[in-house]
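The working numbering numbers the first residue of the sequence shown as 29 and each following residue consecutively. Glycine is no exception: its CB is placed at the ideal position from the N, C-alpha and C atoms. Here is the structure we will look at, set down as structure tokens.
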Amino acid sequence: MNYYSHTGLEVGRARRARLSAEGIQQTETGGLGETALPSIYSRSLKFVRSLVCFGVSVFAAEVAIADTDRPNVVLIMCDDLNDYIEPLGGHPQAYTPNLTRLARSGVTFRQAHTNIPICGSSRASMFTGIYPHNSGCYGFNRWDGYGVLKNSRTFMDHFRANGYHTLGTGKLMHHVVRSEWSEFANTADYGPFPWDGERQIAHPDVNAPFSHIGAVDGSFGALVSLEGRTSPEGKPLHWVTGPWGERRTLRVDSQTDRDQTADEVNGDWAVANLQQLSAGDQDKPFFMGVGFMRPHTPLIVPQRFFDMFPLESIALPDIRPDDIDDTHARSVRTLLGGFEPNPARSEDMGRRLYETLVASYPNDDEGLRRFIQAYLASVASVDEQIGRILDVIDGSELRENTVIIFTSDHGWGMGEKDYLYKNSLWQESTRVPLIVRAPGVAKEDSVTDQPVSLVDLYPTMVDLCGMEGDTRKNDQGHPLDGHSIKPLFVDPDAGEWTGPDEALTALYKWRARYDPGSESYALRAKGWRYIRYENGREELYRTSVDPREWFNLAGDPAHAKTLALYRAKLHERVPRPGRDLPQPVITLK
């Protein structure tokens, strides 16, 4: 059974031929020849071109790496990225040649999962190697305000304590603490946003009422000139960008004469620093973190990326009409007594986004088709920046001594189970891309289906880099919860994995409903997904035969033993002294 329409598959196969016919040639390294923009901190694309010669000369400089057995590490992160990349095959039209290039030189983890499917707490867990139920960090409060996390070392701090130079830029941890780094460049910038003189609004091409959701989650479209465009109230619009609490004009005169987006600026920063690191005599290894914003909403990227995905050809997911009927996510909200005063901050955000998007366009498919087009365009735009980073590494001696890790903080549902968002315990939200290149260690062009999670990355880097010392600052910290996935680099099929058989994911609860003693969890094993909500209701999917998680088997007596097994496993993984997990409630429609 195909997940997407036959039309979409044909379009995916035909894309390269169409791009070639339009004069956009793919380079040997996988980037788009005419669209590649090698630049060093330029704001104007006109100025960018004047720097090409300088960039080439730096790139060609003699490379000298310090004599050390410890590898460099480059971590590349996206935000809200699901399996819509070529190596995972989540969408037949996904165009990510550079991630494909990375996958061919490393190991792809096809069942990697977040430990909590929302930005802030996921990144706090990943960068400290500590599960949310052990830190108490389930939400968007500052991670360093939690005692356990404050008294534990982030992995960049641990790198530095082990003699590494650490440098980063973009969205890595949700709240940047610069003292954790040797140097840190740009904080997270969610723009661009249309600005009407008083406030940020959704892209003017987005229909209401979806646009009323706001400038972040209710916005998608091409980054084009807003000359002559007005808000619904008739106010003239222009582009702005910048971190939260800051705002600056983003000049867009044309597609070739504009200021750079945040992801382009961070791509430039990474390229410039890698060129410098590859050209100089380094007395210590380095850890570099590069956090790209897209495909986090607003899904706004240059027009040329939208042109790669003609709207009428966009393939849609195969969404089962009654798929939500045997699930229990909504029962949690009902038992909690309705919605919060701010519906945008409720657990029902996914349902609200999906239903509002569908209602905003003339037919049921158009809104989702437009959203997926913008998502694919956003993913392609980030892949181009990743290609620039790979070009520098692969064109220098860094290639032989630099580990590259690519991942995301969590996934994103695309209308499955009537849900368009992150923060669910279903596959679309919990699954993340994870590709690792480790020269001399990782088996090239290989895949593994062993379930792992983001909390495993910290101990993996400790293992790969031979780092020593306690990852706790004192006895108020917490030891690492994860396990090294290095054995799976060497033998993806039968590596000596010492971690649990299942990936563990907790569900984030918005601040007004947060109760540390009552949470919902999922376990993803080989062939099964088990979900237990805070009220005791359960879902069980046999993913080996039901990969879309359409059929909840929790109420099927034939699977009672399997249900009991995963119920016990969850109880063992998330111990609550003096408190049992709620009793199961099986109610299927």
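Are the beta-carbon atoms of residue i and residue j separated by less than 7 Å?
| i | j | result |
| --- | --- | --- |
| Gly439 | Ser457 | yes |
| Leu551 | Tyr486 | no |
| Gly510 | Val483 | yes |
| Pro220 | Thr269 | yes |
| Gly523 | Pro515 | yes |
| His202 | Gly157 | no |
| His193 | Phe337 | no |
| Cys493 | Arg188 | no |
| Ser153 | Pro145 | no |
| Gln303 | Val204 | no |
| Leu426 | Ser306 | yes |
| Phe334 | Ala250 | yes |
| Thr499 | His186 | yes |
| Pro271 | Asp217 | yes |
| Lys199 | Met377 | no |
| Tyr174 | Gly164 | yes |
| Asn126 | Gly118 | no |
| Leu535 | Ser548 | yes |
| Met316 | Val602 | no |
| Pro467 | Glu496 | no |
| Asn294 | Thr197 | yes |
| His141 | Arg459 | yes |
| Asp351 | Trp209 | no |
Which residue from the options puts its Cα closest to that of residue i?
| i | options | result |
| --- | --- | --- |
| Leu448 | Val386, Glu496 and Phe333 | Val386 |
| Asp529 | Val480, Ser548 and Phe334 | Val480 |
| Tyr561 | Thr533, Ser282, Glu472 and Leu508 | Thr533 |
| Arg379 | Glu394, Phe399, Arg397 and Ala357 | Ala357 |
| Ala588 | Met316, Ala298 and Glu566 | Glu566 |
| Asp392 | Asp446, Thr590 and Gln288 | Asp446 |
| Glu412 | Asp291, Arg557, Pro467 and Trp454 | Asp291 |
| Val431 | Arg465, Gln455, Ile414 and Arg398 | Arg465 |
| Arg206 | Thr182, Ala582, Thr571 and Gln455 | Thr182 |
| Pro326 | Ala243, His141, Phe238 and Tyr123 | Ala243 |
| Ile342 | Ala582, Asp584, His141 and Pro120 | Pro120 |
| Gly583 | Arg570, Arg576 and Pro575 | Arg570 |
| Ile241 | Asn563, Tyr382 and Val490 | Tyr382 |
| Ala531 | Trp556, Phe517 and Asp521 | Trp556 |
| His231 | Pro260, Ile352 and Trp209 | Pro260 |
| Ala213 | Arg276, Gly319 and Trp578 | Gly319 |
Locate the beta strand (DSSP E) running through residue i, then write down its first and last residues.
| i | result |
| --- | --- |
| Trp223 | Phe221 to Trp223 |
| Thr355 | Note, Thr355: premise wrong, no beta strand (DSSP E); not H, not E. |
| Ile400 | Where Ile400 is concerned, there is no enclosing beta strand (DSSP E), although the alpha helix (DSSP H) it sits in stretches over Glu394 to Asp422. |
| Arg570 | First-last for Arg570: undefined, no H or E at that position. |
| Cys147 | Taken as a continuous stretch (DSSP letters only), Cys147 belongs to no beta strand (DSSP E), being part of the alpha helix (DSSP H) at Cys147 to Thr156. |
| Leu103 | Asn100 to Cys106 |
| Phe434 | Thr430 to Ser436 |
| Phe315 | Phe314 to Gly319 |
Give me the DSSP bridge partner(s) of residue i.
| i | result |
| --- | --- |
| Ala550 | Thr533 and Ile559 |
| Pro264 | Thr258 |
| Thr481 | It is Ser, not Thr, that sits at residue 481 in the sequence shown. Note: Ser481 sits in a beta bridge opposite His141. |
| Phe248 | Leu327 |
| Val490 | Looking at the DSSP assignment, Val490 forms no beta bridge with any residue, so it has no partner. |
| Val475 | Thr136 |
| Glu211 | Leu195 |
| Leu462 | Thr435 |
| Gln228 | Trp223 |
| Arg500 | Ser180 |
| Arg276 | Thr269 |
Does any CB atom of chain B fall closer than 7 Å to the CB of residue i?
| i | result |
| --- | --- |
| Arg206 | Reference to chain B is not applicable here, since this structure consists of a single protein chain. |
What residue range does the alpha helix (DSSP H) around residue i cover?
| i | result |
| --- | --- |
| His599 | Ala588 to Arg601 |
| Leu305 | Ala290 to Ala307 |
| Gly175 | Gly175 to Lys178 |
| Ala187 | It is worth fixing the name first, because residue 187 is Phe in this sequence and not Ala. Start and end: Phe183 to Ala189. |
| Leu381 | Met377 to Ala387 |
| Leu516 | Lys514 to Val518 |
| His161 | Pro160 to Ser163 |
At least three beta-carbon pairs within less than 8 Å, the stretch 101 to 118 to the stretch 431 to 440: yes
At least 3 beta-carbon pairs within less than 8 Å: the stretch 217 to 228 vs the stretch 340 to 352: no
At least 3 beta-carbon pairs within less than 8 Å: the stretch 389 to 406 vs the stretch 325 to 342: yes
At least three beta-carbon pairs within less than 8 Å, the stretch 459 to 479 to the stretch 120 to 138: Segment contact: the stretch 459 to 479 against the stretch 120 to 138, three or more CB-CB distances shorter than 8 Å; contact assigned.
Segment contact, 8 Å Cβ cut-off, at least three pairs: the stretch 162 to 179 with the stretch 290 to 298: no
Contact between the stretch 237 to 256 and the stretch 266 to 284 (3+ Cβ pairs under 8 Å): yes
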